[in-house]
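To convert, note that position 106 of the sequence shown is 101 in my numbering; the numbers rise steadily by one, no gaps.
For every residue, glycine included, the Cβ atom is placed at its ideal position computed from N, Cα and C.
Given the structure is predicted, the values throughout are model-derived calculations rather than measurements.
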Amino acid sequence: MDASVVGLMGAAVGALGAAAGGLVAVRGQERQQQRQLRADREHRREAARREAYGACIASTKLLSNMWWRFADLVWSEQSTPEQWRTAFVGVHEAWTQFSTAVAAVTVAGPVAAAEAAEELRVAMYEWEMAGMDWYAAAQREGHGRLDEYAERFKQAWQAKRTPDRTFQQAARKALGTEEQ
-4 MDASVVGLMG AAVGALGAAA GGLVAVRGQE RQQQRQLRAD REHRREAARR
46 EAYGACIAST KLLSNMWWRF ADLVWSEQST PEQWRTAFVG VHEAWTQFST
96 AVAAVTVAGP VAAAEAAEEL RVAMYEWEMA GMDWYAAAQR EGHGRLDEYA
146 ERFKQAWQAK RTPDRTFQQA ARKALGTEEQ
């Protein structure tokens, strides 16, 4: 073998080595980019979940607060039907926020958190129905000191407490904050 053939073979081996090295480097970069994309996606998902869960918790508390304001008003002998109506309108607006927040949790997931949010929505709806029935009865009677409606209202409030805690627990689990 003469020197020119050896030189060509050496150049070919060098070129193949460089190509292989380049291929390894490109593959490494692709893997790194995929890891970064996955990390970015996970970060965005966690941020969306935090926002959805926070909105759900806040709107649940707001709706609860609005219902208790309504209950205090309708029970008071000094309140008027117009005050009841105004409070009831506030409750309806709070319900809209709550319902929207539950829908956001359903989208953000995971399934366990979505199911817990739906159970909370059902319990809050039962409380909503008890409050609406109390409001309608108060309008008919001209006063809101109606024990049977107040009792049903309190029972529905009591019944929503467990789904409320269950949702918060599911949110903590989904965010991985229970271990910390």
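> In angstroms, rounded to a whole number, what distance separates the CA positions of Leu57 and Val86?
Replying inline: Position 62 of the sequence shown, counted from the start, is the residue given in the question as residue 57. Position 91 of the sequence shown, counted from the start, is the residue given in the question as residue 86. Their backbone Cα atoms lie some 9 Å apart in a straight line.
> How about Gln163 and Pro76: are their beta carbons less than 8 Å apart?
Replying inline: In the sequence shown, counting from the first residue as 1, residue 163 sits at position 168. In the sequence shown, counting from the first residue as 1, residue 76 sits at position 81. No; because the gap between Cβ atoms is not below 8 Å, this pair is not in contact.
>> Let me confirm a value: Lys155 is counted as buried when at least 16 other C-beta atoms fall within 10 Å, else exposed. Which label applies?
In response: For the purposes of this step, residue 155 is identified with residue 160 of the sequence shown, where counting begins at 1. Buried, since its Cβ has 16 or more Cβ neighbours within 10 Å.
>> So the candidates are Gly104, Gln92, Arg64 and Arg22; which of them puts its Cα closest to the Cα of Arg80?
In response: Against the sequence shown, residue 80 aligns to sequence position 85. The shortest Cα separation from Arg80 among Gly104, Gln92, Arg64 and Arg22 belongs to Arg64.
> What is the DSSP secondary structure of Thr91, reduced to helix, strand or coil?
Replying inline: Residue mapping note: residue 91 aligns to position 96 of the sequence shown, counting from 1. The answer is helix: DSSP assigns Thr91 an H, G or I state.
> Measuring CA to CA, which of Asn60, Gln29, Ala66 and Ala47 is closest to Ala169?
Replying inline: For this step, residue 169 is matched to residue 174 along the sequence shown. Closest option to Ala169, Cα to Cα, is Ala47.
>> Below 8 Å on the Cβ atoms is my contact criterion, and I expect Ala125 with Trp70 to pass it. Report the Cβ-Cβ distance as a whole number of Å.
In response: For the purposes of this step, residue 125 is taken as the residue at position 130 of the sequence shown. For the purposes of this step, residue 70 is taken as the residue at position 75 of the sequence shown. About 14 Å; that fails the 8 Å criterion.
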